[in-house]
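Each residue of the sequence shown is one higher than the one before, counting from 53 in the working numbering.
Glycine is no exception: its CB is placed at the ideal position from the N, C-alpha and C atoms.
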Amino acid sequence: MASKGAVKSRAIYDVHPGVAMVQKWIGELKEKTGHSLEEWMALIQKDGPADERGRRAWLKTKHKLGTNGAWWLAERAGGKGGEDDPESYLQGAVRNVEEQYSGAKEKLQPIYDELLRLGKSMGADVKACPCKTIVPLYRKHVFAQIKPTTNTRVDLGLALAQYKGKLPKRLIDTGGLAKKDRITHRMELKASENIDGEVKRWLKIAYDLDP
């Protein structure tokens with residue numbers, strides 16, 4: 053019988069694009085390196101150094117793995133990760149959101165729920181893919197993100213780098229444009245009543261800018 057969290061995740065959350073990338077990498081691991089994931093884990097446990105830093109160096113020097121692959125395998129051999137398959141990710145997604153809106157931030161949950169509903173209503177292609185501290189909304193790329201920034205405020209981040217018109221004062225520059233981040237502006241929301249027509253308009257603009 054599926055857990056309550058698993059059922060909820062399938063209903064409202066989607067698998068993060070990064071998980072699909074990891075799955076593809078795992079699938080190609082044996083062909084590219086000569087060992088499957090299971091074989092690498094067994095080899096590291098048998099012959100590799102005990103500490104993660106040593107494992108990374110050992111994988112790079114002795115086995116000629118690239119930096120990203122060496123780091124990932126070294127961490128996995130040490131028991132880290134594990135949310136890189138779709139089902140585990142979706143279960144973790146529910147936990148991440150529950151933790152984001154726990155304690156002093158619990159009262160912000162209605163703001164999050166309404167923003168998530170609104171974001172998903174932009175189109176059937178919208179994906180909500182929770183991380184530890186934020187919930188990004190994807191089309192082809194991230195076009196918005198929901199973040200409980202303080203105990204009294206949720207920030208709706210928007211990807212508006214391609215927008216050429218004048219922006220209202222309510223849209224606060226995040227510095228993302230200079231840093232080449234996707235999210236360039238944010239709107240501060242302290243109550244569900246703040247989610248008005250202007251919020252909906254700019255969320256739709258961000259969605260439309262990522263066709």
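Give the secondary structure of residue i by DSSP, where H, G and I count as helix, E and B as strand, and everything else as coil.
{"i": "I247", "result": "coil"}
{"i": "L220", "result": "The sequence given here has Pro at residue 220, not Leu. Three-state DSSP puts P220 in coil, outside helix and strand."}
{"i": "I198", "result": "strand"}
{"i": "G130", "result": "coil"}
{"i": "D262", "result": "coil"}
{"i": "V59", "result": "Reliability fails at V59, whose pLDDT of 45 lies under 50, so the model's placement of it is uncertain and the value that follows must be treated cautiously. Correct three-state label for V59: helix."}
{"i": "D233", "result": "coil"}
{"i": "K159", "result": "helix"}
{"i": "K179", "result": "strand"}
{"i": "D225", "result": "strand"}
{"i": "G213", "result": "Note on residue identity: the sequence assigns Ala, not Gly, to residue 213. The answer is coil: DSSP assigns A213 none of H, G, I, E or B."}
{"i": "G118", "result": "coil"}
{"i": "M93", "result": "helix"}
{"i": "G171", "result": "helix"}
{"i": "Y65", "result": "coil"}
{"i": "K336", "result": "In the structure as shown, the chain starts at 53 and stops at 263, and residue 336 therefore has no counterpart that could be examined."}
Which first and last residues belong to the alpha helix (DSSP H) in which residue i is found?
{"i": "P138", "result": "P138 to Q152"}
{"i": "M239", "result": "Element bounds for M239: not the alpha helix (DSSP H) but the beta strand (DSSP E), H237 to L241."}
{"i": "V74", "result": "P69 to T85"}
{"i": "T113", "result": "E104 to T113"}
Look at residue i and residue j and say whether their C-beta atoms are less than 8 Å apart.
{"i": "V71", "j": "D177", "result": "no"}
{"i": "K199", "j": "I186", "result": "yes"}
{"i": "R88", "j": "L81", "result": "For clarity, residue 88 is Ser in the given sequence; the question names Arg instead. Yes, the Cβ-Cβ distance between S88 and L81 is below 8 Å."}
{"i": "A145", "j": "F195", "result": "no"}
{"i": "L261", "j": "Y215", "result": "yes"}
{"i": "E127", "j": "E104", "result": "yes"}
{"i": "S244", "j": "E166", "result": "yes"}
{"i": "V67", "j": "L142", "result": "yes"}
{"i": "G228", "j": "R234", "result": "yes"}
{"i": "A129", "j": "M93", "result": "yes"}
Could you check the C-alpha separation between residue i and residue j for me, to the nearest Å?
{"i": "R169", "j": "A156", "result": "23 Å"}
{"i": "G121", "j": "D248", "result": "45 Å"}
{"i": "G86", "j": "I78", "result": "12 Å"}
{"i": "R107", "j": "G118", "result": "13 Å"}
{"i": "K179", "j": "K132", "result": "26 Å"}
{"i": "E158", "j": "Q152", "result": "8 Å"}
{"i": "I64", "j": "H193", "result": "18 Å"}
{"i": "A58", "j": "G217", "result": "Because the pLDDT of A58 is 47, which lies under 50, any placement of that residue in the model is unreliable, and the question is left without a value."}
{"i": "A109", "j": "K84", "result": "19 Å"}
{"i": "W124", "j": "T113", "result": "15 Å"}
{"i": "L219", "j": "P162", "result": "27 Å"}
{"i": "Q75", "j": "K221", "result": "42 Å"}
{"i": "R147", "j": "A102", "result": "31 Å"}
{"i": "L164", "j": "I224", "result": "Correcting the residue type first, residue 164 is Tyr in the shown sequence and not Leu. Straight-line Cα distance between these residues: approximately 19 Å."}
{"i": "K252", "j": "A230", "result": "25 Å"}
{"i": "M53", "j": "S140", "result": "Confidence at M53 is low in this model, with a pLDDT of 41, below 50, so its placement is unreliable and no value can be given for it."}
{"i": "Q197", "j": "D99", "result": "43 Å"}
For the beta strand (DSSP E) that contains residue i, what are its first and last residues?
{"i": "D207", "result": "R205 to L210"}
{"i": "Y190", "result": "V187 to Y190"}
Cβ contact (3+ pairs, closer than 8 Å) linking the segment 193-209 and the segment 237-253: With the cut-off at 8 Å, the segment 193-209 and the segment 237-253 touch.
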